[in-house]
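Our numbering applies: residue 81 is where the sequence shown begins, and numbers increase by one.
Idealized CB from N, CA, C, for every residue including glycine.
Here the structure is a predicted model, which means the values were calculated and not measured.
Step one of this worksheet: look at the structure below.
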Amino acid sequence: MCKIISIANQKGGVGKTTTALNLGVALKLQGKSVLLIDLDPQANLTEYAGIWDTEKMLPTMSDLIKGQIGMGERINIEGCIRYSHINNIEYIPSDINLANADLYLAGVLSRETLLKRILNNDTIKSYDYVIIDCNPSLGVLLMNALTASDGVIIPVQTQDFAFDGLTALTNIIAQIQSTINSELETIGVLATMVDNTNVSKRVIEDLKKEYGNKLFTTVIHRATQAVESTNKHKSLCLFSKSKLGDEYKALANELIQSYI
Ligand SMILES: Nc1ncnc2c1ncn2[C@@H]1O[C@H](COP(=O)(O)OP(=O)(O)OP(=O)(O)O)[C@@H](O)[C@H]1O
Ligand SMILES: [Mg+2]
Numbered sequence: 081m082c083k084i085i086s087i088a089n090q091k092g093g094v095g096k097t098t099t100a101l102n103l104g105v106a107l108k109l110q111g112k113s114v115l116l117i118d119l120d121p122q123a124n125l126t127e128y129a130g131i132w133d134t135e136k137m138l139p140t141m142s143d144l145i146k147g148q149i150g151m152g153e154r155i156n157i158e159g160c161i162r163y164s165h166i167n168n169i170e171y172i173p174s175d176i177n178l179a180n181a182d183l184y185l186a187g188v189l190s191r192e193t194l195l196k197r198i199l200n201n202d203t204i205k206s207y208d209y210v211i212i213d214c215n216p217s218l219g220v221l222l223m224n225a226l227t228a229s230d231g232v233i234i235p236v237q238t239q240d241f242a243f244d245g246l247t248a249l250t251n252i253i254a255q256i257q258s259t260i261n262s263e264l265e266t267i268g269v270l271a272t273m274v275d276n277t278n279v280s281k282r283v284i285e286d287l288k289k290e291y292g293n294k295l296f297t298t299v300i301h302r303a304t305q306a307v308e309s310t311n312k313h314k315s316l317c318l319f320s321k322s323k324l325g326d327e328y329k330a331l332a333n334e335l336i337q338s339y340i
């Protein structure tokens with residue numbers, strides 16, 4: 081059974097994209113089939129996975145969505161799937177045009193279910209996991225991701241103000257659950273960029289109190305290798321020695337076990 085998982089937090093720079101790619105690669109290393117979807121107009125996941133030439137990006141998620149609402153040619157999802165040789169993983173890229181989604185979807189009926197309808201086909205269902213990298217906002221793209229998903233993972237950077245906005249996000253998740261997607265489950269909260277500071281320790285304690293067993297046992301530490309990984313377009317899990325890579329592999333194990 082295909083599990084569609086959104087990596088979401090409207091707070092910027094908390095490790096969503098890093099988690100989407102590395103969790104995806106870690107799941108592949110466990111023998112799972114995985115598709116990554118970049119649903120962020122910043123296209124960081126697309127670049128991380130290996131495309132930074134805008135010409136080569138096309139067609140993207142934006143073209144798929146526009147095709148679905150009749151604003152452009154209707155295209156097959158298969159034609160949007162790319163392969164990252166370095167990371168041995170498939171993904172659908174994004175581009176800056178997705179930034180206008182709030183505008184061009186404003187008058188579209190059932191706009192929250194667009195992505196769900198796009199993903200409702202045999203190609204998508206054939207994957208074990210589809211991982212959606214969300215943009216840092218609470219707009220229509222996030223609504224689409226949550227509506228299309230079976231579960232959501234919330235990375236939280238263990239720094240001051242970590243809790244800012246988390247209530248707004250959990251409220252939206254609850255709204256989606258009680259209206260269009262009762263299947264949506266909060267799989268877990270993931271502590272990221274953990275270091276030896278008291279702030280980091282305090283935030284982890286607070287997350288434990290707030291989320292209990294919904295807080296992943298695995299935490300992701302802060303390490304400069306994350307930036308090196310982005311620059312090399314290569315997953316941490318494929319480095320010969322990487323603490324962060326091992327942590328993402330542990331996260332993949334935890335995720336697989338939570339779905340047994
Ligand atoms: N564990 C880590 N340790 C150190 N740096 C990290 C770690 N994880 C991510 N980073 C770096 O922090 C920055 C933000 O990470 P990332 O892009 O994954 O966050 P994001 O939540 O996707 O951001 P946005 O909200 O802009 O989409 C990147 O430069 C990334 O390389
Ligand atoms: Mg991102």
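Check: residue i C-beta below 8 Å from any heavy atom of ligand 3
i	result
residue 96	Of the ligands one can find in the structure shown, namely ligand 1 and ligand 2, none is ligand 3.
Outcome for residue i when other beta-carbon atoms lying within 10 angstroms are tallied against a minimum of 16
i	result
residue 269	buried
residue 232	buried
residue 345	Residue 345 cannot be examined here, being either before or after the span of the chain that is shown, 81 to 340.
residue 182	exposed
residue 91	buried
residue 176	exposed
residue 104	buried
residue 275	exposed
residue 128	buried
residue 322	buried
residue 314	buried
residue 146	buried
residue 168	exposed
Residue i Cβ short of 8 Å to ligand 2 heavy atom set
i	result
residue 120	yes
residue 261	no
residue 216	yes
residue 213	yes
Residue i to residue j span [Cα, whole Å]
i	j	result
residue 257	residue 223	11 Å
residue 94	residue 200	30 Å
residue 87	residue 116	11 Å
residue 209	residue 82	6 Å
residue 160	residue 262	29 Å
residue 192	residue 213	17 Å
residue 247	residue 152	37 Å
residue 148	residue 162	20 Å
residue 202	residue 188	25 Å
residue 293	residue 245	21 Å
residue 301	residue 273	5 Å
residue 310	residue 155	30 Å
residue 249	residue 237	15 Å
residue 97	residue 174	13 Å
residue 112	residue 336	10 Å
residue 255	residue 320	43 Å
residue 375	residue 101	Here the chain covers residues 81 to 340 and nothing more, so residue 375 does not appear.
Check: residue i C-beta below 8 Å from any heavy atom of ligand 1
i	result
residue 141	no
residue 124	yes
residue 303	yes
residue 306	yes
residue 219	no
residue 314	no
residue 131	no
residue 324	yes
Local conformation of residue i per DSSP, three classes
i	result
residue 82	coil
residue 207	coil
residue 297	coil
residue 267	strand
residue 231	strand
residue 37	It is not possible to answer for residue 37, since the shown part of the chain is limited to 81 through 340.
residue 164	strand
residue 103	helix
residue 220	helix
is_contact[residue i, chain D] using C-beta, thresh 9 Å
i	result
residue 226	In the displayed structure, chain D is absent; only one protein chain is listed.
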